[in-house]
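Novice: One structure follows; several queries about it will come next.
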Amino acid sequence: MSQNISIKVEKVSIKKVKTSLFISGKFKDEKVNKSLDDLLGITLKNAFNTDSFKGDFGKKIDLFSNGKINKFSFYGLGDKNKLDSNKLRSLAANIVRNIEMNKISSVTIDSNSFGLSNSLNAQAFTEGLLLGQYKFLDYKSKKTDFSLNEVIFIGDVDLKSLSKGQVIGESVNYARDLGNHPANFLTPTYLANEAKEISKTKNFKIKVIDVKEFEKLGLGSFYSVARGAKEPAKFIIVEYSGGKKGDKPFGLIGKGLTFDTGGISLKPPPRMDEMKFDMCGGAAVFGLMKAVAALQPKLNIIFAVGATENMPGSDASRPGDIVKAYNGKTIEILNTDAEGRLVLADVLSYINEKYKPSAMIDFATLTGAVLVALGNRATGLMGNNEDLINQIKESGMATNEKVWELPLWPEYSKDIKGKYADIQNIGKAGAGTITAGAFLKEFVGNTPWCHLDIAGTAWGPKEPSYQPKVGATGVAVRLIYNLIEKKK
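Note that numbering that gives the first Met the number 0 has the sequence shown beginning at 0, numbered continuously upward.
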């Protein structure tokens, strides 16, 4: 869990700064700032030459002083024309880890030297500080790790941009926390309570549908997964009314499988512990809720998470069972481990009918096949609307949360036609990620919709450097908030 970092901007000259650590950036082949020579008591150019520090990206040199500033750290920024917001985000993550390794609680950063007068750079830099600091220690009996408490920026930088980056970073870390909690702690009820807390914020309203109501409401597909679990499932719906009254809401839908055994189609034991991460699609939605609550964009949004466990209980669904989804389509369950799509089928069709969204995006750790196709470098993207697909691609490029479009040609829908029902919950051999997307497409009607399969990116990636060393990544929070901003 990340600690709260106090972010401040002070309009002072470097000569008046008093700090344990002063951090500055240096571009490759940039002239040395001679005004620092007096503060250091040495010729900076000579010090750089002695240590062969030329400003190559990511390189660092530490220099000590007997003045008001105890220590100077200079970080290489590389070629000025090649520095972008993602490089700054990565660098900031490395900076905060170096700071905490040296047990320094307060630092001052020369924002001008890092190019933080650019609002996107300033936001990315603060995101990197928060993301790089993240550690999940909630269940450690001894918490010995040191945390940075305060960052003071001097120079030409916008506090609003820094603060926005802090909110986004904290929201990603919140999604990471939810993913990392064990399933005996993070239950569907826990998620519902978290949503209630967020919904106390201005412009929010919540509705939680309990599993007891599923059959009566016609949520037969969702219920087919929930019925095998002792923990009661929850259908969590949160409305945010930040836009004009009457404007259609933008739908954000998450798969919230708080633990997935596979059900009767039981998963093999190795790495089954990682199935606590099967709610990371829901975690992304919760992270976005957090960001929206803090930043209050001028857009109406409907958040929805189908939260349940998938357990092989005495009342669990069996392979071969046929159920009816909310939109009336019948589904033949050939594999109970293809459960996420069964949950999303009802969540998507219910939200589509009841709230008439302008568009919907769903997030799900849906298929292992996407990891085979894309590894953990990119999220699988499918959809029925070219404009929405392109908007997500653009936001993916802007945030460095890469997505890759996979086709949803009509031929793939033939692969999920059922023998005894309208459709079946798995396709034929091959194209598992695409046939899962084709299945979901059956439940969105004509509403513009995209599906993000995050099974490869939700946990595991170690790069870029702002990713955690272990556990959930909080993927898609930065990506989709960037998209929200463009829509407001």
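Quick reminder that beta carbons are idealized off the backbone N, C-alpha and C, glycines included.
For Tyr411, which three-state DSSP category applies?
Specialist: helix
Novice: Could you tell me which residues DSSP puts in a beta bridge with His450?
Specialist: Asp361, Met381
Novice: What do you reckon, are the CB atoms on Ile103 and Glu9 nearer than 8 Å?
Specialist: no
Novice: Could you check the C-alpha separation between Phe113 and Gly431 for me, to the nearest Å?
Specialist: 45 Å
Novice: Return the first residue and the last residue of the alpha helix (DSSP H) that Val342 is part of.
Specialist: 339–354
Novice: Measure the alpha-carbon distance for Leu115 versus Phe442 and round it to whole angstroms.
Specialist: 45 Å
Novice: Measuring only the C-alpha atoms, how far is Lys81 from Phe285?
Specialist: 34 Å
Novice: Go ahead and pull the three-state DSSP assignment for Gly24.
Specialist: strand
Novice: Using 8 Å as the Cβ pair cut-off and three pairs as the minimum, do the segment 305–322 and the segment 206–226 touch?
Specialist: Under the Cβ criterion (8 Å, minimum of three pairs), the segment 305–322 counts as touching the segment 206–226.
Novice: Can you list, in chain order, the residues of its chain with a C-beta nearer than 8 Å to that of Lys418? Leave out the 5 residues immediately preceding and following it.
Specialist: Glu331
Novice: Spatial neighbours of Thr456 within its chain, please: C-beta separation below 6 Å, excluding the five flanking residues on both sides.
Specialist: Excluding sequence neighbours, Thr456 sits near Asn375, Thr378, Val474.
Novice: Per DSSP, which one or two residues make a beta bridge with Phe203?
Specialist: Per DSSP, the beta-bridge partners of Phe203 are Tyr239.
Novice: Which residues in the same chain have their Cβ closer than 8 Å to the Cβ of Pro463, if we skip the five residues on either side of it in sequence?
Specialist: Asn85, Arg88, Ser89, Ala92, Asn399
Novice: How is Leu370 classed by DSSP in three states: helix, strand or coil?
Specialist: helix
Novice: Could you round the C-beta distance between Glu126 and Gly164 to whole angstroms and report it? I think they count as a contact, below 8 Å.
Specialist: Yes, Glu126 and Gly164 are in contact; Cβ-Cβ is about 4 Å, under 8 Å.
Novice: Among all the DSSP beta bridges, which residues are the ones paired with Leu62?
Specialist: Phe71
Novice: Pull up the DSSP beta-bridge partners for Ser12, would you.
Specialist: Answer is none; Ser12 lacks a bridge partner.
Novice: Name the DSSP beta bridge partners of Ile263, please?
Specialist: Beta-bridge pairing links Ile263 to no other residue.
Novice: Within 10 Å of its beta-carbon, does Arg270 have 16 or more other beta-carbons around it, so buried, or fewer, so exposed?
Specialist: exposed
Novice: Hey, how far is the Cα of Val156 from the Cα of Glu352?
Specialist: So the alpha carbons of these two residues sit roughly 46 Å apart.
Novice: What are the boundary residues of the alpha helix (DSSP H) that Ala290 is part of?
Specialist: 279–294
Novice: Report, in whole angstroms, the separation of the C-beta atoms of Ser357 and Asn326, which I expect to be a contact under 8 Å.
Specialist: Between Asn326 and Ser357 the Cβ distance is about 19 Å, and since that is not below 8 Å, they are no contact.
Novice: Using 8 Å as the cut-off, can you tell me whether the segment 272–281 makes contact with the segment 362–375, which would need three or more C-beta pairs spanning the two stretches below that distance?
Specialist: Touching, yes.
Novice: Apply the 10 Å Cβ neighbour rule to Pro187 and answer buried if 16 or more other Cβ atoms are within range, or exposed otherwise.
Specialist: Burial check for Pro187: the Cβ neighbour count within 10 Å reaches 16 or more, so the residue is buried.
Novice: Rounded to the nearest angstrom, what separates Ala344 and Ser23 at their Cα positions?
Specialist: 51 Å
Novice: Closest to Asn101 by CA distance: which of Val166, Lys468, Leu20, Leu478 is it?
Specialist: Asn101 has its Cα closest to that of Leu20, out of Val166, Lys468, Leu20, Leu478.
Novice: In whole angstroms, what is the alpha-carbon distance linking Phe249 and Lys44?
Specialist: The alpha-carbon atoms of Phe249 and Lys44 are separated by roughly 54 Å.
Novice: Cβ atoms of Lys67 and Val106: under 8 Å apart, would you say?
Specialist: Contact flag unset, no.
Novice: Report the partner residues of Gln466 according to the DSSP bridge assignment.
Specialist: Under DSSP, Gln466 shares a beta bridge with no residue.
Novice: Enumerated in chain order, which unbroken segments of the alpha helix (DSSP H) with a length of 4 residues or greater are wholly contained in the segment 211–258?
Specialist: 213–216, 219–225
Novice: Ends of the alpha helix (DSSP H) at Asp109?
Specialist: Taken as a continuous stretch (DSSP letters only), Asp109 belongs to no alpha helix (DSSP H), being part of the beta strand (DSSP E) at 105–109.
Novice: Express the C-alpha separation of Ala121 and Gly77 in angstroms, rounding to a whole number.
Specialist: Taking the straight line joining both Cα atoms gives about 18 Å.
Novice: Do Val210 and Ala232 count as a contact pair if the criterion is CB distance below 8 Å?
Specialist: yes
Novice: What separation, rounded to the nearest whole angstrom, lies between the Cα atoms of Tyr133 and Pro460?
Specialist: Near 15 Å, if we compare the C-alpha coordinates of Pro460 and Tyr133.
Novice: Since Ala123 is in the alpha helix (DSSP H), which residue starts that stretch and which ends it?
Specialist: Looking at the DSSP string, the run of the alpha helix (DSSP H) that includes Ala123 is 118–132.
Novice: Does the beta-carbon distance from Ser118 to Ala290 come in below 8 Å?
Specialist: Not in contact: Ser118 and Ala290 (Cβ atoms no closer than 8 Å).
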